[in-house]
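Chemist:
Residue numbers (my numbering): 1 to 344.
Right under this line is the structure:
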């Protein structure tokens, strides 16, 4: 039939809609709060039926500035979100069985509308939560509100608040991207007047795959020279050739202007070793290009004038580092040995 979906598209729609069942096992959103007294952060996880995480601690802190206690009862959405999820699973199955492109478009539009409505609802809750304050609170700042960010980062007094999707949310985003990609493919397929060369179809699939992967991955954050500051020495990051980053298991990124600062930060134990997810350093030959610290070639030489005196830079391999290794006083070490040397 003219508007029937291909078998592969039906399979993809089935997989995308079935993935929604993971929302019953994983939170779909998270809010993290970081402050000097909580360097590893406080996290609240939002599920389709409840809240988990350090909610009690967050409530205790928010009490001082007059904010309401966060509790499941203040979210009427928890009473019906599970049925919304089941609807998407069942509707996706119907689309796959009937295989009509028009039904797939309806599914995609409903999914987009539901996502937009959810974000608006979240904004409305945050606005009320951050503005409806107890006038008898111990700490009152006239004219100041504490609305958490809907998405991204926001500074609230001495706290840095981050709001991002969690596993369940990324599942929904990736499933939506897969459904959108499938509909786009079917739309182009229906429009073709003659067979499209395999190379073009492969290119479309590759682009969709890259978009899918881009939505589900994360890594180091580029340095903003002159604006970012080293987390340890508090100096502005101006020379990014020697920088490094530590990413925790919760996704918090700590930036450093020198490997010496990173080594001192780790020795201080602000972040436990078990909570360190990844370490990155800047490729000296390509500023703001990151290398995994444990596999990079690290060269210490008097010729390398780093901001805080480590005199060490990272390279992709010994060939790239050859210019500095020619110096008889230069020394090549791995991160474990270098960290010990910098902190002893």
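Where is the CB? At the ideal position from N, CA and C, for every residue including glycine.
#1: Who does residue 38 pair with in a DSSP beta bridge?
#2: Out of 159, 6, 38 and 20, which one is the CA nearest neighbour of residue 270?
#3: Look at the Cβ atom of residue 327, then the Cβ atom of residue 301, and state whether they are nearer than 8 Å.
#4: Within 10 Å of its beta-carbon, does residue 120 have 16 or more other beta-carbons around it, so buried, or fewer, so exposed?
#5: Give me the Cβ distance between residue 226 and residue 27, rounded to the nearest whole Å; I'm assuming they're in contact under 8 Å.
#6: Just to confirm, are residue 82 and residue 48 a CB contact at a threshold of 8 Å?
#7: Output yes or no for whether 8 Å exceeds the beta carbon distance between residue 108 and residue 180.
#8: Taking DSSP's pairing of strands, which residues face residue 53 in a bridge?
#9: Leaving out the 5 sequence neighbours to the left and right, which residues in its chain are closer than 6 Å to residue 259 when beta-carbon positions are compared?
#10: Would you report the Cα separation of residue 185 and residue 102, rounded to the nearest angstrom?
#11: If you draw a straight line from the alpha carbon of residue 304 to that of residue 286, how long is it in whole angstroms?
#12: Taking all protein chains shown into account, do 16 or more other C-beta atoms lie within 10 angstroms of the C-beta of residue 234, making it buried, or fewer, making it exposed?
#13: Note down, in chain order, each residue of its chain lying with its Cβ closer than 6 Å to the Cβ of residue 153, except the 5 sequence neighbours on either side.
#14: In angstroms, rounded to a whole number, what distance separates the CA positions of residue 347 and residue 124?
#15: Check residue 274 in the structure and name its three-state DSSP category.
#16: Please report the distance separating the alpha-carbon of residue 9 from that of residue 69.
#17: Alpha carbon to alpha carbon, how far is residue 51 from residue 72? Give it in angstroms, no decimals.
#18: With distances taken Cα to Cα, identify the nearest neighbour of residue 15 among 122, 105, 25 and 182.
#19: Grouping DSSP H, G and I as helix and E and B as strand, with all else coil, what is residue 153?
#20: In the structure shown, what three-state DSSP assignment does residue 255 receive?
#21: Grouping DSSP H, G and I as helix and E and B as strand, with all else coil, what is residue 225?
#22: Count the other CB atoms within 10 Å of the CB of residue 306; is the residue buried (16 or more) or exposed (fewer)?
#23: Would you call the CB atoms of residue 92 and residue 17 closer than 8 Å?
#24: Reducing DSSP to helix, strand and coil, say where residue 29 ends up.
#25: Whose C-alpha, out of 13, 331 and 4, is nearest the C-alpha of residue 177?
#26: First and last residue of the beta strand (DSSP E) that includes residue 291?
#27: Going by DSSP, what residues sit across from residue 298 in a beta bridge?
#28: Might you give, ordered along the chain, the residues of its own chain that have their beta carbon closer than 6 Å to the beta carbon of residue 291, omitting 5 neighbours on each side?
#29: Taking just the CA atoms, how far does residue 229 sit from residue 42?
#30: Please report how far the alpha carbon of residue 58 lies from the alpha carbon of residue 126, in whole angstroms.
#31: With DSSP as the reference, identify every bridge partner of residue 236, one or two as the case may be.
#32: What are the start and end residues of each continuous alpha helix (DSSP H) run of 4 or more residues lying completely inside the stretch 64-129, in chain order?
#33: Near residue 155, which residues of its chain fall below 8 Å by C-beta distance, leaving aside the five closest residues on each side in sequence?
#34: Answer yes or no: do residue 342 and residue 263 have a C-beta to C-beta separation smaller than 8 Å?
#35: Leaving out five residues on either side along the sequence, give the residues of the same chain with a beta carbon under 8 Å from the beta carbon of residue 297.
Modeler: By the coordinates alone:
#1: 35
#2: 38
#3: yes
#4: exposed
#5: About 37 Å; that fails the 8 Å criterion.
#6: yes
#7: yes
#8: 44
#9: 244, 310 and 312
#10: 13 Å
#11: 15 Å
#12: exposed
#13: 162
#14: Since the first residue shown for the chain is 1 and the last is 344, residue 347 is missing from the structure and cannot be characterised.
#15: helix
#16: 46 Å
#17: 6 Å
#18: 182
#19: strand
#20: strand
#21: coil
#22: buried
#23: yes
#24: strand
#25: 13
#26: 290-292
#27: 314 and 333
#28: 281, 283 and 314
#29: 22 Å
#30: 15 Å
#31: 229
#32: 81-98
#33: 161
#34: yes
#35: 314, 315, 316, 317, 318, 320, 321 and 332
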